[in-house]
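> Counting from 1, one number per residue, gives the positions in the sequence shown under UniProt numbering. Don't be surprised by glycine CBs; every beta carbon is placed ideally from N, CA and C. The model shown is predicted, which means the values in this text are computed figures rather than measured ones.
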Amino acid sequence: MKYVLVVLGLFYFSCTSNKKPLAEILQNDEVMVFYSKGRCFGKCEVYDLQIYTDGSVSFTAIDNLPVKGKYKTVLEDEEFKALKVLLSKGPYKIKSFKKIRDKQVIKLRFKNDLYKYYTSQVGGDLEKINIKLESIVRDIKVKFWKQENNKSLY
1 MKYVLVVLGL FYFSCTSNKK PLAEILQNDE VMVFYSKGRC FGKCEVYDLQ IYTDGSVSFT
61 AIDNLPVKGK YKTVLEDEEF KALKVLLSKG PYKIKSFKKI RDKQVIKLRF KNDLYKYYTS
121 QVGGDLEKIN IKLESIVRDI KVKFWKQENN KSLY
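(1) What does DSSP give as the partner residue(s) for V33 in the beta ladder?
(2) In angstroms with no decimal places, state the Cα-to-Cα distance between K37 and Q104.
(3) Below 9 Å between beta carbons: does that hold for I140 and L86?
(4) In this structure, how does DSSP classify Q27 when only helix, strand and coil are distinguished?
(5) Can you tell me whether DSSP reads S88 as helix, strand or coil?
(6) Give the list of continuous alpha helix (DSSP H) stretches no shorter than 4 residues that lie fully inside the stretch 79-147.
(7) Beta strand (DSSP E) containing F59: first to last residue?
(8) In angstroms with no decimal places, state the Cα-to-Cα distance between K72 and Q147.
(9) Tell me the rounded alpha-carbon separation between G55 and K81.
(10) Please classify I100 as buried or exposed, where buried requires at least 16 other C-beta atoms within 10 Å of its C-beta.
(11) Going by DSSP in three states, S14 sits in which element: helix, strand or coil?
(12) Quick check on F110: buried or exposed, where buried means 16 or more other Cβ atoms within 10 Å of its Cβ?
(13) Quick one: what's got a C-beta closer than 8 Å to L65's C-beta in the same chain, skipping five residues either side?
(14) Taking the straight line between their C-alpha atoms, what separation do you get for N18 and R138?
(15) Alpha carbon to alpha carbon, what distance is there between C40 and E79?
(16) Per DSSP, which one or two residues make a beta bridge with V67?
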C-alpha cells in the first residue's frame with residue numbers, strides 16, 4: 001500500500017506543469033507581443049513566442065516541432081520595424097470566439113488586447129500580423145535546427 005501511494009505521488013508531481021500561467025506572462029510590461037499556438041488532436045505545432053520592446057525574442061518550442069525547449073534570439077532591425085508598423089494599427093474585431101474541439105487556438109496579445117482565434121477566422125491587418133509572426137517562428141526554427149543538426153530543415 002505504501003508503494004502504491006509513493007507511485008501515485010510521483011505520477012501526480014510528474015504530470016503537473018511548470019509552465020508560467022498565461023496571466024503572468026501577459027502582465028510583463030516589456031513583452032510587446034505574445035503569440036501562442038495551442039494543442040489539437042493531430043500534429044499541430046505547439047509553442048509560445050514573446051517579442052520584447054527591445055527586439056529580443058523568447059521562443060518556447062513545446063510539441064510537434066523539429067526543435068524543443070527555450071530559445072532566445074534578436075530580430076533584425078528591419079523585421080522589428082515592420083512588425084511595429086503592423087502592430088501600430090488596431091484594435092481589431094474578431095467574430096465571436098467559440099471553442100471548436102479539434103482546431104488549434106491561437107492567442108495573440110499586444111497593446112493590452114488579447115485575441116483568441118483560429119487561422120481561418122482572421123483577415124485584413126490581423127491576418128498580416130499572423131503571417132508576420134509565423135514567418136518569425138519559421139526563421140527561428142530554421143536557425144536553431146541548423147545550429148543543433150548542422151543541416152538544412154527545409
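Quick answer:
(1) The secondary-structure analysis by DSSP pairs V33 across a beta bridge with I51.
(2) Those two C-alpha atoms are separated by around 7 Å.
(3) No; because the gap between Cβ atoms is not below 9 Å, this pair is not in contact.
(4) Caution applies to Q27, whose pLDDT of 49 falls short of 50 and renders its modelled position unreliable; the value that the coordinates give is listed next. Coil.
(5) It is coil, neither helix nor strand.
(6) Correct list: empty.
(7) Here the beta strand (DSSP E) through F59 covers S56 to D63.
(8) Approximately 13 Å, taken between the alpha carbons.
(9) Spanning the two alpha carbons is a distance of roughly 9 Å.
(10) In the assembly as shown, I100 is an exposed residue. Its beta-carbon has fewer than 16 other beta-carbons within 10 Å.
(11) Here S14 scores only 49 on pLDDT, less than 50, and its place in the model should not be relied on; the value that follows carries that caveat. It is helical.
(12) Buried.
(13) Taken in chain order, the residues that qualify are E45, V46, Y47 and K141.
(14) Note on N18: pLDDT 46, under 50, position unreliable in the model; no value is reported.
(15) Going by the C-alpha atoms only, they are around 30 Å apart.
(16) Its beta-bridge partners do not exist; DSSP assigns none.
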